[in-house]
Each structure stands twice: as C-alpha cells, then as structure tokens.
C-alpha cells in the first residue's frame, strides 16, 4: 500500500507548482503511470481523495494514462510489448531485455487557474 | 483554465536524495545492497550468518528497517554487527532514501566497505524506492510459493541477485527449485541465483565468495580502507 506515499508525493509536488507559479486553483491532475510501478489505481485515488479532503484540492479531477510495458531485445534489437511480464524476445528468444517503457510515474500536466493579478 | 505541461517525476525528491547517497557511496568505495523479501523469508538470518562469516574481513554496517520494533537490529548486534542502525518506519511499508540518509548521519562511510540495507518485509512497495544502492538482492524461501516471481514481477525485475533460502526444507514442501528458477529468469534473465540454507549453512560459501568479490570490484584497493582505518 505505497499508494498513500505516492499520493502524498503527488500532492506535495502539485502544491509546490501552485506556489511557485501562482496557480490559484488546480482542477485536474494528469498522471502517467507505467505498468511496472505496481500502482493500484483505486488505492491511489483513495489516497488522493483522503489527503485532499477539506483542502483547496478537494474534488480535483485525476486523469491517469497507463503506459504498457515495452521492451527491447539487447540481442536482436526487436522492440515488443511485454505481456504478463514475460521478458523473452518473441523473435530470437533472447532474455536480455531492456525496459524502454512502463516504469513511468509522472505528473504530466495540470489544469490550472492562474492568478492574473500577481502578473499585473 | 489552462493546461500546463509540467512533466514532473512523482518520486523526484526521492531520486534526488538517492543520487546524492549513490555519489557518497561511490566516493567512499562502499558497496551497498538493498535486501528485499516477504516477511519471514530470512533476511535477518542471512545477515546474521554473513556477519558471523565476514565481519572480521569486510568492515560493514547494517541498516535494518521495520514497521515496528528494533528487534532485527538487536539480533544483528548480537550476531557481531559493529554498526547497526534501526529504522522504524512507524507504519510505512517501505524505506525511502530520506530515511536511509538520516540513518547514515553517524556512520563514517570511509570506515566501511559494505553496507546492507534490510528493507521492510514486502515485495511490492520497496521496488519503487531507489535507496542509492548498487543493487537489490531479493530473497525468497522454499516455504513460499515457487511462483513468487510471477506474483511480484517488478521486484524480481529490479533486483540483480536472487537468494533462495531454506533449501534444507525442500523435501517437506511442494516448492520446485526448477520452477522457481525458470519463473525468476523469465522475468529477469540477468539474475544471479544463490541457493542457501541459513539454518544449516549449505550454499553460504558461494554467497560469501560472491559478496567478497563484489566488494573488491567496487573498491579494488584494500589500502584505501586500511589508510582510512589508521586516520
């Protein structure tokens, strides 16, 4: 259940961005989460809800883009989708596979309201 | 409303601290292993054995993480650990780099060549948190299912070494060594595998030899440590 720690990190990053850039409201958080991060989406949403309750971020929309696991065979360079965590090249049966996609745990974007009075 | 692309890593703070730790470990020539497993696979037993065999030869420190109690840290001290630091996470299911950094403040890295970080018993959460280690060592035991690698693929993928413990009990369980190995290797073909029994000592010589070589490879000049000891 590290989703709660992950939720904490997400919220502190968002608050930091708000403070630094003068965003008054964040209405949506866009996340990009790789298949190999073991994040359970429901648990993460539960954590985010619990931690934002009663704060200015309460009710914020969270959009999650899941990134499927993608590997590259170090032997024949073939790139392929890794299904069920079988790290074996479908062409040459090589087992030295580099993970090229699927480890992401990023905040990709925020939908924000900017405090224009500050800029003026 | 405006959409702002921010592209921030959620764990960037942890990664920043881990990079700082890795730099310190590297400049002090300390080999660092992050030991992970389910509860009860034998992390502490493996460390007790390792201390008994190598503490005189390789100056080492141990950081032992647990949700509650410093029982493991006490066991490691009793087994001859000169420098043992407990981390009680108070509920957190994994160690993060900040906890490790804090626990190291009183350890002089120039006095040691090997640091073991015994993570919280959990095969899911610790896989996401880089602690600045050279590698993760994942431990399973023959009283667990031989499909552990399939159930927790990320951890096996992110580890470099697999230790299979309790091989003295093989006859009493349905654990298939062959399946366990092939399951693990289908997820990570580069895993090096050690079969051991921390109770009887079987297979541990290979583990000690591997550790000794690993430490020597990171810091090939033993004078480095002797000089530091004299200081």
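Protein chains in written order, with this note's numbering: chain A, 14 to 133; chain B, 3 to 233.
Here a beta-carbon is modelled for each residue, glycine too, at the ideal position from N, C-alpha and C.
Predicted model only: the values in this text are computed from it and were never measured.
In the DSSP assignment, the alpha helix (DSSP H) including residue i goes from what residue to what residue?
| i | result |
| --- | --- |
| residue 210/B | 206–220 |
| residue 54/A | 54–65 |
| residue 28/B | 14–30 |
| residue 102/B | 99–105 |
| residue 48/B | 45–56 |
| residue 78/B | 73–80 |
Report the rounded CA-to-CA distance for residue i versus residue j, giving the unit in angstroms.
| i | j | result |
| --- | --- | --- |
| residue 89/B | residue 147/B | 29 angstroms |
| residue 54/A | residue 174/B | 39 angstroms |
| residue 120/B | residue 128/B | 11 angstroms |
| residue 62/B | residue 99/B | 19 angstroms |
| residue 215/B | residue 75/B | 26 angstroms |
| residue 5/B | residue 69/A | 18 angstroms |
| residue 37/A | residue 164/B | 49 angstroms |
| residue 5/A | residue 125/A | The first residue shown for chain A is 14 and the last is 133, placing residue 5/A beyond what the model contains. |
| residue 18/B | residue 126/B | 22 angstroms |
| residue 77/A | residue 116/A | 14 angstroms |
| residue 45/B | residue 30/B | 25 angstroms |
| residue 85/A | residue 178/B | 30 angstroms |
| residue 201/B | residue 107/A | 37 angstroms |
| residue 29/A | residue 8/B | 12 angstroms |
| residue 211/B | residue 217/B | 10 angstroms |
| residue 89/A | residue 111/A | 12 angstroms |
| residue 113/A | residue 82/A | 8 angstroms |
| residue 117/B | residue 34/B | 5 angstroms |
| residue 97/A | residue 59/B | 43 angstroms |
| residue 10/B | residue 176/B | 46 angstroms |
| residue 206/B | residue 170/B | 12 angstroms |
| residue 151/B | residue 128/A | 50 angstroms |
| residue 75/A | residue 12/B | 14 angstroms |
| residue 102/B | residue 65/B | 8 angstroms |
| residue 140/B | residue 26/A | 31 angstroms |
| residue 204/B | residue 94/B | 34 angstroms |
| residue 184/B | residue 195/B | 11 angstroms |
| residue 38/B | residue 3/B | 45 angstroms |
| residue 50/A | residue 109/A | 20 angstroms |
| residue 81/B | residue 50/B | 5 angstroms |
Could you tell me if the beta carbon of residue i falls within a distance shorter than 8 angstroms of some heavy atom in the ligand GTP?
| i | result |
| --- | --- |
| residue 50/A | Of ligands this structure carries none, so the ligand GTP is not represented either. |
Would you mind reading off the limits of the beta strand (DSSP E) that contains residue i?
| i | result |
| --- | --- |
| residue 83/A | 83–86 |
| residue 8/B | 4–11 |
| residue 236/B | Here chain B covers residues 3 to 233 and nothing more, so residue 236/B does not appear. |
| residue 36/B | 33–39 |
| residue 119/A | 118–127 |
| residue 158/B | No beta strand (DSSP E) contains residue 158/B, which is instead part of the alpha helix (DSSP H) from 155–160. |
| residue 92/A | 92–94 |
| residue 75/A | 74–80 |
| residue 26/A | No beta strand (DSSP E) contains residue 26/A, which is instead part of the alpha helix (DSSP H) from 16–34. |
| residue 100/A | From DSSP, residue 100/A is part of no beta strand (DSSP E); its letter is neither H nor E. |
| residue 112/A | 110–114 |
| residue 119/B | 116–120 |
Starting from residue i, follow its DSSP beta bridges and name the residues at the other end.
| i | result |
| --- | --- |
| residue 175/B | Residue 175/B is not bridged to any residue. |
| residue 194/B | 163/B |
| residue 139/B | 37/B and 163/B |
| residue 89/B | 67/B |
| residue 134/B | DSSP lists no partner for residue 134/B. |
| residue 44/A | 77/A and 120/A |
| residue 39/A | 125/A |
Can you check whether the C-beta of residue i is within less than 9 angstroms of a C-beta belonging to chain D?
| i | result |
| --- | --- |
| residue 99/B | Given the protein chain composition of this structure (A and B), no chain D is represented. |
Stretch pair the segment 14–25 of chain B + the segment 117–136 of chain B: three plus CB contacts closer than 8 angstroms: yes
Taking only beta carbons into account, state which residues of the segment 74–103 of chain A come closer than 7 angstroms to chain B, listed in chain order. Sequence-ordered contacts of the segment 74–103 of chain A with chain B read 98, 99, 100 and 101 [C-beta pairs closer than 7 angstroms].
Taking only beta carbons into account, state which residues of the segment 112–131 of chain A come closer than 7 angstroms to chain B, listed in chain order. 118, 119, 120, 121, 122, 123, 124, 125, 126 and 127
Closer than 7 angstroms, Cβ to any Cβ of chain B: which residues of the segment 31–43 of chain A, in chain order? Cβ contacts with chain B: 40.
Mind the definition here: the segment 88–101 of chain A touches the segment 180–198 of chain B only if three or more C-beta pairs lie below 8 angstroms; say whether that holds. yes
Counting only Cβ-Cβ distances shorter than 7 angstroms, please list the residues of the segment 120–138 of chain B near chain A, keeping chain order. 126, 127, 129 and 130
Report yes or no: do three or more beta-carbon pairs, one from the segment 103–112 of chain B and one from the segment 48–55 of chain B, lie closer than 8 angstroms? No contact exists between the segment 103–112 of chain B and the segment 48–55 of chain B.
Residues in the segment 146–169 of chain B having any Cβ partner in chain A nearer than 9 angstroms: 151, 152, 154, 155, 156, 157, 158, 159 and 160
Cβ contact check for the segment 15–27 of chain A and the segment 42–59 of chain A: 3 or more pairs under 8 angstroms: yes
Can you list, in chain order, the residues of the segment 166–199 of chain B whose Cβ is nearer than 8 angstroms to any Cβ on chain A? 187, 188, 189, 190, 191 and 192
To be precise: take each residue of the segment 4–22 of chain B, compare its Cβ to all Cβ atoms of chain A, and keep it if any distance is under 9 angstroms. Which residues remain? 4, 5, 6, 7, 8, 9, 10, 11, 12, 13, 14, 15 and 16
Determine which residues of the segment 46–63 of chain A have a Cβ less than 7 angstroms from any Cβ of chain B, and write them out in chain order. 49, 50 and 51
Taking any Cβ of chain A, which residues in the segment 59–82 of chain B have a Cβ under 9 angstroms from it, in chain order? none
Got a sec: which bits of the segment 16–29 of chain A sit with their beta carbon under 7 angstroms from any beta carbon on chain B, in order along the chain? Within the segment 16–29 of chain A, the qualifying residues are 18, 19, 22, 23 and 26.
Report the residues of the segment 200–214 of chain B with a CB closer than 7 angstroms to any CB of chain A, ordered along the chain. none
Any C-beta of chain A within less than 7 angstroms: which residues of the segment 84–114 of chain B qualify? 94, 95 and 96
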